[in-house]
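Read top to bottom, the protein sequences are chains E and D.
For the first sequence, the working numbering begins at 3 and goes up steadily by one.
For the second sequence, the working numbering begins at 17 and goes up steadily by one.
Glycine included, each C-beta is placed from N, C-alpha and C at the ideal position.
Worksheet for the structure shown next.
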Amino acid sequence: MNEIALLIAATLASGTPVALAGLGLLLNEKAGVLNLGAEGMMLVAAVAGFAVAFHTGSDWVAMGAGALAGMAMALAFGWLVIWLGTNQYATGLALSLIGGGLSAFVGLGYVGKKLSERTVFDIPGLADLPFVGPAFFRQHPMTYIAIVATLAIAWFLYRSRGGLVLRAIGESPESAHFLGYRVRLIRLAAVLAGGALCGVAGAFLSVVYAPLWVEGLVAGRGWIALALTTFATWRPWRVLLGAYLFGGVTMVQFFLQGEGVEIASQLLSMLPYLATIVVLALISRNPAWIRINMPASLGRPFHPGS
Amino acid sequence: MTEMNKRFLLKVAAGAIAVAALAGCGKSEPPKAPEPAKKAEAAPPPPPKPEPLKAAWVYVGPVGDAGWTFAHDNGRKAVEAEYGDKIKTTFVEKVPYGADAERVIRDLAAQGNKIIFATSFGYMEPMLKVAGEFPDIKFEHATGYKTAPNMRIYDSSFYQDAYMAGIIAGKMSKTGTIGFVGSFPIPEVLRNINAFTLGAQTVNPKIKTKVVWVSTWFDPPKEAEAAQSLINGGADVLLQNTDSTAVLQTAEKNGKFAFGWDSDMSAFAPKAHLASAIVDWSGYYKRAIKEVMDNTWKTERTVLGVKEGANDLIKIADVVPEDIRKKVAEVKDGMKAGTFEVFTGPVLDNTGKERLAKDAKADQAWKDKVDFYVKGVDGKIPAAK
């Protein structure tokens, strides 16, 4: 029983960075901008966060720095694709490659460095409850923040005027433009928000989850987050669910191995990707549903006045 | 949404999955051109002296990885210190396996290096190919098994470290369950798991080892997850065959014990760190260079271990009781003298089958073919034939 509780706890922790990045990308994409640079933004944020945590000793300042680093990368991306109209796919891929190289270069001096003592976050009272305590209430605060962020983003997109404008821009930037909305600025804001969330996710990985910096630390989680948004048909709760599913299957396969279950480890390490995609593809397979939720202008540039 | 648009999106999604899957399978680095060979600092050679011998190293990681590549580079530096201006060393780091490796090794050969060291398993085929094209240059490959008239192989014996770590783990485990984070189920790693278990059994015959495979040499978050999973399953002393400090730090977070691997990792987990398994390549590199200088170099296979001063278990923590330190010291002395062999029969696998007869000592051929868990290790080896 206790092992199940610990498995749940590990699942939540494992899914949190993927969920944060996925939510950020969702905001991006709802505004019609596809940023394939998630992996690069997360890497740069991870090294920035680690460096700041190393020098200040504060995880929260570090995650702020991660957000800023992610935003800086996103700003460059946004300027290129929104104002200069460069191809979003190519620019995003370039951002990923640049982020990988840049983070490795900047991070050289931080490889093998150690952060100060990690804090334990137990919620007083709740953490000592049997089963649910170890399962849900001994998490890093970021785990709860990710859930609150999902709630907030879902509310923003579907219940607020700002969200409506954002989605309108994602559906038809031309119409939004003629209604007087500043399409490019709003798109940039969405891109920056996406960068910030990816940045927090990257910093969470290097400062809390690993906690260390090495080249390529993010190890594909940015790509997973990107795939998640599509397979979750751009619904915030499904992104969160998909992230937990991904984390959960990752942890379950380790758990099974530890229990001596005989499955090829190569197959097991493929399982999280496979399971996440299959489940999300199944719950999101309705074409009408995809059509309703997919931002119609996704990936298309917008030129005011054209 | 247009049809065109939908198709494009599917393509992008498929691409993202492909990249993610690749990243999941192993280290995925964007294919980038290897950096130009860095020249190591050397004293300006006075003109009348003879040309220095040129030697080159090919590394799989960055020299600052605090692990495998770092150890090799320390060996290169020791060579420089030893031979001074009689030698000129070069290294190329982060060389990907495959076509890039072949090109880098060929470039180094063409640049007049007389001996080239490739320090990772995946360089075996590329090096073999280039060795055929440059018969006058000596090629050295770490951890492989193929040789040529001008290419030889060398390796270390981390299982000796793992055995000594096991002795400590057997004592320090309160739950009677120890854990191992494995990279890939290859003989080298299986040897380490088995040696770790055998060592622990000398202190606590009932000890159980749980193994989790991560299918990567280097993915710190994944290593941390695997370690967490072992700890959740009741293991309280961990060892790993992966290259980062993540396992050790996860143990620290959970108030459990673990070991450093590849280099001294004591600073990363002051409370959890029990000892670090290391390897020192400098002796071998100095010898190889000398053989080229003296023209006595010949194709052979060298397996370094504690005896050659290559492998060692260092920085044993203060929490380890005195009698256990003594026991480790005795084993180490035995290894140094060449009288102690980790795999001495009877060795039973975990199905009860005898793999090594009573009192028999394992030879190199036996060690090369380890494909089983010893008694005491839980589970089956994934994808075993």
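Closer than 7 Å to the CB of E:F257 there is at least one CB belonging to chain D.
Sixteen is the threshold: when 16 or more other Cβ atoms of the shown chains lie within 10 Å of the Cβ of E:G250, as they do, the residue is buried. Taking 8 Å as the upper bound for CB-CB distance, E:L282 and E:A234 are in contact here, some 6 Å apart. Beyond the five residues adjoining it in sequence on each side, E:T88 comes within less than 7 Å, by CB distance, of L82 in the same chain, given in chain order. No residue range can be given for D:E357, since it is assigned to no beta strand (DSSP E) and is classified by DSSP as neither H nor E. Among the CB atoms of chain E, none fall inside 7 Å of the CB of D:L364. Fewer than three Cβ pairs drawn from the stretch 10-24 of chain E and the stretch 165-176 of chain E lie within less than 8 Å of each other, which leaves the two stretches out of contact. Beta-bridge partners assigned by DSSP to D:E370: D:L364.
For D:N257, no chain E residue has a C-beta closer than 9 Å to its own C-beta; the minimum C-beta separation is roughly 13 Å. Measuring C-alpha to C-alpha distances from E:V35 to each of E:P19, E:R186, E:A137, E:P136 identifies E:R186 as the nearest. Short of 6 Å from the beta carbon of D:G195, and not among the five residues preceding or following it, lie these beta carbons of its own chain, in chain order: K226, L246, A251, L254. Under the DSSP definition of a beta bridge, D:Y170 partners with D:A158, D:T318.
Around the beta carbon of E:R237, 16 or more other beta carbons lie within 10 angstroms, which makes this residue buried. At a beta-carbon threshold of 7 Å, the residues of chain E lying near D:L246 are G260, ordered along the chain.
Distance from the CA atom of D:G361 to the CA atom of D:A240, rounded to whole angstroms, is 35 Å. In the structure shown, E:I265 adopts coil according to DSSP, grouped into three states. By the Cβ neighbour-count rule, D:V120 is buried, with 16 or more other Cβ atoms within 10 Å of its own.
Taking 7 Å as the cut-off between beta carbons, the residues of the stretch 3-32 of chain E near chain D are E5, L8, L9, A12, S16, in sequence order. Three or more pairs of CB atoms, one per stretch, sit closer than 8 Å, so the stretch 186-203 of chain E contacts the stretch 57-70 of chain E. Contacts with chain D (Cβ-Cβ distance below 8 Å) from the stretch 244-255 of chain E involve T252, M253, listed in chain order.
Taking CB atoms only, E:V216 has a neighbour in chain D less than 7 Å away. The beta carbon of D:T261 falls within 7 Å of a beta carbon belonging to chain E, placing the residue at that interface. Annotation for E:A47: G68, A71, G72, G201, G204, A205 place their beta carbon closer than 6 Å to its own, counting only its chain and skipping 5 residues before and after. Burial is judged here by how many other beta carbons sit within 10 angstroms of a residue's own beta carbon; D:K272 has at least 16 and is buried. An exposed status is given to E:L181, since fewer than 16 other beta-carbon atoms sit within 10 Å of its beta-carbon. Under the DSSP assignment, D:K224 falls in the beta strand (DSSP E) whose first and last residues are 224-229.
Contact check for D:A242 against D:N208 fails: the beta carbons are separated by 7 Å or more.
D:V197 is a Cβ neighbour of D:V263, given a cutoff of 7 Å. Separation of the CB atoms of E:V63 and E:L230 is rounded to 28 Å, and the pair is thereby denied contact status at 8 Å. Under the three-state reduction of DSSP output, D:N208 falls in the helix class. The residues A71, K154, V308, in chain order, have a CB closer than 6 Å to that of D:I131 in the same chain once the five nearest residues on each side in sequence are set aside. When 7 Å is used as the limit between beta carbons, D:D235 is near these residues of chain E: A221, in chain order. Chain D places no beta carbon closer than 7 Å to that of E:A92, leaving this residue out of the contacts. If you keep only unbroken alpha helix (DSSP H) runs of at least 4 residues inside the stretch 158-209 of chain E, you get 163-173, 175-180, 185-205.
In this structure, D:P203 lies away from D:V358, with their beta-carbon atoms at least 7 Å apart.
Under DSSP, the beta-bridge partners assigned to D:N327 are D:V295.
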